[in-house]
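Enquirer: Sequential numbering of the sequence shown, starting at 1, is according to the UniProt record's numbering.
No residue lacks a Cβ here, since even glycine has one placed at the ideal position from N, Cα and C.
This structure is in structure tokens; I'll ask about it shortly.
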Amino acid sequence: MFMPVIMAGGSGTRLWPLSRGNYPKQFLALTGAHTMLQQTLLRLKGIAHSAPLLICNEDHRFIAAEQLRQLNINDAAILLEPVGRNTAPAIALAALKAVQQGDDPLLLVLAADHVINDTAAFQSAVLQAEVFANSGKLVTFGIVPTHAETGYGYIRRGAGAADAYYVQSFVEKPNAATAEQYLQTGEYYWNSGMFMFKASAYLQQLQAFRPDIYQACVAALSEQTPDLDFIRINKAAFMACPDDSIDYAIMEPLTAQATDSVVVVPLDAGWNDVGGFAALWQVAEKDSNGNVLQGDVLTENSQNCFVRSEQQLIATVGVSDLVVISTKDAVLVAHKDQAQNVKAIVNQLKAAGRPEVTFHREVYRPWGKYDSVDHGERFQVKRITVKPGAKLSVQMHHHRAEHWIVVSGTAKVSIDGVDQYLTENQSVYIPITAVHALENPGKVPLELIEVQSGSYLGEDDIVRFEDRYGRA
């Protein structure tokens with residue numbers, strides 16, 4: 001039996017405007033009804049494993065918890081990284097946490113944002129890896145290449161049998177000619193970034209090669225604070241931890257010693273890391289003209305395009321090899337061959353301080369979500385959805401008043417200590433500086449329209465007095 005360790009800390013900037021800072025690609029449903037994180041967890045169904053450990057950014061904790069809840073996964077632990085420090089420290093936290101629990105489990109380290117089409121082949125590879133990991137080996141999964149790819153690092157195999165080989169070396173992303181040579185030899189696999197090993201085996205190698213990372217993670221985990229479903233660690237100690245990947249920190253220097261400690265299990269399962277829109281087009285279902293069409297889309301004489309609309313109608317005529325993405329607040333049009341360069345647009349947005357780099361128009365909160373429908377000078381309109389049984393914080397605003405109009409469901413509203421219940425088509429006014437709270441006491445989602453008016457409408461004009469989600 002093994003413990004799944006799901007790393008869900010990526011930013012996914014090459015999938016903007018779908019993926020954003022506060023809602024990156026691992027939490028999006030890009031290739032089916034379930035999100036990338038949920039698909040990663042569902043892929044483990046049917047093979048024996050213990051409760052998973054999810055590692056994610058503190059800002060994404062409520063999104064991750066909600067997506068686990070939707071799958072009825074109630075036993076998972078969620079460890080929060082105060083800042084991103086790459087894969088070597090993240091895995092170290094997981095290994096140390098596992099050892100602290102009193103055993104030395106096998107860890108199956110998975111990224112939360114990969115596509116694997118053949119679940120049976122994936123599970124078979126995991127079971128093969130268990131045999132070697134139980135004997136103390138560090139096991140990695142090498143993707144059987146389908147073409148000469150320059151966007152991935154490679155693993156060169158050494159001696160072994162058909163189901164596993166000792167690793168001869170990890171190599172960097174090659175140029176086109178070198179990638180072609182790798183493909184022809186049959187000795188190279190794409191580096192998937194997935195691993196299996198005993199927690200103690202990983203920590204032993206980390207102490208040997210990167211004692212600075214090991215010590216920083218020990219210090220960070222020495223102070224743990226439970227927070228609802230989450231585990232918080234010492235922020236200052238983890239911020240002092242060096243930033244490094246498991247490949248650079250351990251795998252490359254270890255294999256350079258010509259050791260037999262690292263094993264690669266070949267994986268031929270329709271793997272894709274969905275690093276950009278071209279990759280997303282490759283794995284998605286296409287029509288007879290090679291188009292991937294998602295949402296309200298019409299096409300005429302268009303071929304090999306990826307077109308996705310989250311709200312309004314998109315129509316294409318006489319185009320090919322385009323990526324067209326329309327969200328509620330942004331539109332991206334790119335040639336498929338240039339779609340990787342969307343990161344340059346993200347950098348421009350960051351430099352300009354624009355909110356579109358971080359936030360969608362629709363923002364998720366632990367109690368539900370809100371959609372910023374309209375705004376102008378001294379006013380803002382939001383559509384608010386509150387989950388059954390959820391409650392917003394008891395709060396007050398210095399600069400804005402609010403009007404709430406119930407669209408559906410029942411609202412329990414408290415204003416300066418006085419409670420009242422509102423149902424469909426009823427409304428209430430909350431004056432500036434009034435201490436107020438909103439709760440959904442019902443069994444169905446509460447939908448309401450909020451109209452804010454005042455001299456300042458920023459989200460930071462909130463003074464919280466009580467909050468069941470630990471934000472007060």
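(1) Cβ of V264 within 8 Å of Cβ of Y189?
(2) Whole angstroms are fine: how far does the CA of E172 sit from the CA of V381?
(3) Buried or exposed: M1, going by 16 or more other Cβ atoms within 10 Å of its Cβ?
(4) Using CA atoms only, rank isn't needed, just tell me which of V83, A29, E130, L298 is closest to C217.
(5) Using CA coordinates, which residue listed in K25, R20, S19, G9 is at the minimum distance from L53?
(6) Run through the DSSP bridge pairs and tell me what Y202 is partnered with.
(7) Pick out the complete beta strand (DSSP E) segments inside the segment 400 to 472, 3 residues or longer, and give them in chain order.
(8) Ignore the nearest five residues each way along the sequence and tell me which others in Y429's own chain have a CB closer than 6 Å to its CB.
(9) Does the count of Cβ pairs from the segment 106 to 122 and the segment 248 to 266 closer than 8 Å reach three?
(10) Given T259, which residues of its chain have a CB within under 8 Å of its CB, disregarding the five upstream and five downstream residues?
(11) Could you work out which residue in R85, I345, V463, K235 is closest to D243 when comparing CA atoms only?
(12) Which residues mark the beginning and the end of the alpha helix (DSSP H) in which K343 is found?
(13) Helix, strand or coil for L93 per DSSP?
(14) R361 by DSSP, collapsed to three states: which one?
(15) In chain order, what residues of the same chain lie with their CB nearer than 7 Å to the CB of G295, ignoring the 5 residues before and after it?
(16) A269 to P145, Cα distance in whole Å?
(17) Check this for me: beta carbons of K391 and R468, under 8 Å apart or not?
(18) Whose CA, out of G160, C56, E187, G318, lies closest to the CA of A148?
(19) Would you report the Cα separation of I213 and H397, rounded to the nearest angstrom?
(20) Only counting the same chain, and skipping five residues up and downstream in sequence, which positions put a Cβ closer than 7 Å to that of A133?
(21) V394 to I449, Cα distance in whole Å?
(22) Which residues bound the alpha helix (DSSP H) around A125?
(23) Report yes if the CB atom of T316 is closer than 8 Å to the CB atom of S326, and no otherwise.
(24) From the DSSP output, in three-state form, read off E310 for me.
(25) Determine, using beta carbons only, whether I6 and L30 come nearer to each other than 8 Å.
(26) On the DSSP bridge assignment, give the partners of L37 in chain order.
(27) Could you pull out every residue in the same chain whose Cβ sits closer than 6 Å to the Cβ of Y182, ignoring the five residues on either side in sequence?
(28) Can you give the Cα-Cα distance for N175 and V167, rounded to whole angstroms?
(29) On a Cα-Cα basis, can you pick out the residue from I116, S372, Q338, E447 that is closest to D329?
(30) Can you tell me where the alpha helix (DSSP H) holding C217 begins and where it ends?
(31) What span of residues does the alpha helix (DSSP H) with A179 cover, start to end?
(32) Per DSSP, which one or two residues make a beta bridge with F230?
(33) Specify, as a first and last residue, the run of the alpha helix (DSSP H) that V283 falls within.
(34) By the 10 Å Cβ neighbour count, where 16 or more other Cβ atoms means buried, how is Q205 classified, buried or exposed?
(35) Between the Cα of L203 and those of V99, T225, S192, spot the shortest distance and give me the residue it belongs to.
(36) Within a Cβ cutoff of 7 Å, which residues of the same chain sit near S408, ignoring the five residues on either side of it in sequence?
Expert: According to the structure data:
(1) Walking along the sequence shown from the start, residue 264 turns up at place 264. Walking along the sequence shown from the start, residue 189 turns up at place 189. Y189 sits close to V264, with the two beta carbons spaced by under 8 Å.
(2) Position 381 of the sequence shown, counted from the first residue, corresponds to residue 381. Position 172 of the sequence shown, counted from the first residue, corresponds to residue 172. In a straight line, the C-alpha of V381 is about 50 Å away from that of E172.
(3) Here the question's residue 1 lines up with position 1 in the sequence shown. With fewer than 16 neighbouring CB atoms inside 10 Å of its own CB, M1 falls in the exposed class.
(4) Here the question's residue 217 lines up with position 217 in the sequence shown. With distances taken between Cα atoms, C217 lies closest to V83.
(5) The residue labelled residue 53 in the question sits at position 53 within the sequence shown. Taking each of K25, R20, S19, G9 in turn and checking the Cα distance to L53, the smallest one comes out for G9.
(6) Locating residue 202 in the sequence shown gives position 202, counting from the first residue. For Y202, DSSP records no beta bridge to any residue.
(7) Counting whole runs of 3 or more residues, the segment 400 to 472 contains the beta strand (DSSP E) stretches 400 to 408, 411 to 415, 418 to 422, 427 to 430, 436 to 439, 446 to 454, 463 to 466.
(8) Within the sequence shown, the letter at position 429 stands for residue 429. Contacts found: H403.
(9) Contact between the segment 106 to 122 and the segment 248 to 266 is not established, with fewer than three Cβ pairs separated by less than 8 Å.
(10) Your numbering for residue 259 matches position 259 in the sequence shown. Answer for T259: no residue qualifies.
(11) As a working mapping, residue 243 is identified with position 243 in the sequence shown. When only C-alpha atoms are compared, the closest one is R85.
(12) Locating residue 343 in the sequence shown gives position 343, where the first residue counts as 1. Looking at the DSSP string, the run of the alpha helix (DSSP H) that includes K343 is 342 to 352.
(13) As a first step, residue 93 is located in the sequence shown; it is residue number 93 there, counting from the start. DSSP, reduced to helix, strand and coil, places L93 within a helical segment of the structure shown.
(14) Against the sequence shown, residue 361 aligns to sequence position 361. Residue state, collapsed to three classes: coil.
(15) Locating residue 295 in the sequence shown gives position 295, where the first residue counts as 1. Excluding sequence neighbours, G295 sits near R308, S309, E310.
(16) In the sequence shown, the residue the question calls residue 269 occupies position 269. In the sequence shown, the residue the question calls residue 145 occupies position 145. Going from the Cα of A269 to the Cα of P145 covers about 11 Å.
(17) In the sequence shown, residue 391 corresponds to position 391, counting from 1. In the sequence shown, residue 468 corresponds to position 468, counting from 1. Result yes, Cβ atoms of K391 and R468 sit closer than 8 Å.
(18) Locating residue 148 in the sequence shown gives position 148, counting from the first residue. Among G160, C56, E187, G318, the Cα nearest to that of A148 is on E187.
(19) Position 213 of the sequence shown, counted from the start, is the residue given in the question as residue 213. Position 397 of the sequence shown, counted from the start, is the residue given in the question as residue 397. It is roughly 43 Å from the alpha-carbon of I213 to the alpha-carbon of H397.
(20) Translated into positions along the sequence shown, residue 133 becomes position 133. Listed in chain order, the non-local C-beta contacts of A133 below 7 Å within the same chain comprise L106, V139, M196, F197, K198, local neighbours out to five positions each way being set aside.
(21) The sequence position of residue 394 within the sequence shown is 394, counting from 1. The sequence position of residue 449 within the sequence shown is 449, counting from 1. C-alpha of V394 to C-alpha of I449: approximately 19 Å in a straight line.
(22) Mapped onto the sequence shown, residue 125 falls at position 125. According to the DSSP assignment, A125 belongs to the alpha helix (DSSP H) that extends over 119 to 134.
(23) By 1-based counting over the sequence shown, the position of residue 316 is 316. By 1-based counting over the sequence shown, the position of residue 326 is 326. No. Outside cutoff.
(24) Sequence index remark: in the sequence shown, residue 310 carries index 310 (1-based). Assignment of E310 by DSSP, reduced to helix, strand and coil, places it in the coil class.
(25) In the sequence shown, the residue the question calls residue 6 occupies position 6. In the sequence shown, the residue the question calls residue 30 occupies position 30. No. Outside cutoff.
(26) The residue you call residue 37 lines up with position 37 of the sequence shown. Note: L37 sits in no beta bridge, so no partner.
(27) If you number the sequence shown from 1, residue 182 lands on position 182. When the five nearest sequence neighbours on each side are left out, the beta carbons in the same chain lying within less than 6 Å of the beta carbon of Y182 are those of Y154, Y188, in order along the chain.
(28) For this step, residue 175 is matched to residue 175 along the sequence shown. For this step, residue 167 is matched to residue 167 along the sequence shown. Rounded to whole angstroms, N175 to V167 spans 21 Å at the Cα level.
(29) Taking the first residue of the sequence shown as 1, we reach residue 329 at position 329. With distances taken between Cα atoms, D329 lies closest to S372.
(30) Translated into positions along the sequence shown, residue 217 becomes position 217. Here the alpha helix (DSSP H) through C217 covers 211 to 221.
(31) For the purposes of this step, residue 179 is taken as the residue at position 179 of the sequence shown. Counting along the chain, the alpha helix (DSSP H) containing A179 begins and ends at 176 to 185.
(32) If you number the sequence shown from 1, residue 230 lands on position 230. Paired residue(s): I78, D227.
(33) Position 283 of the sequence shown, counted from the start, is the residue given in the question as residue 283. Membership of V283 in the alpha helix (DSSP H) is indicated by the continuous run 277 to 283.
(34) What you label residue 205 is simply residue 205 of the sequence shown in a count that begins at 1. Here Q205 is buried, its C-beta having at least 16 other C-beta atoms within 10 Å.
(35) Locating residue 203 in the sequence shown gives position 203, counting from the first residue. Closest option to L203, Cα to Cα, is V99.
(36) Here the question's residue 408 lines up with position 408 in the sequence shown. If the five residues before and after S408 are omitted, its C-beta is found closer than 7 Å to the C-beta atoms of E424, E447, all from its own chain and listed in chain order.
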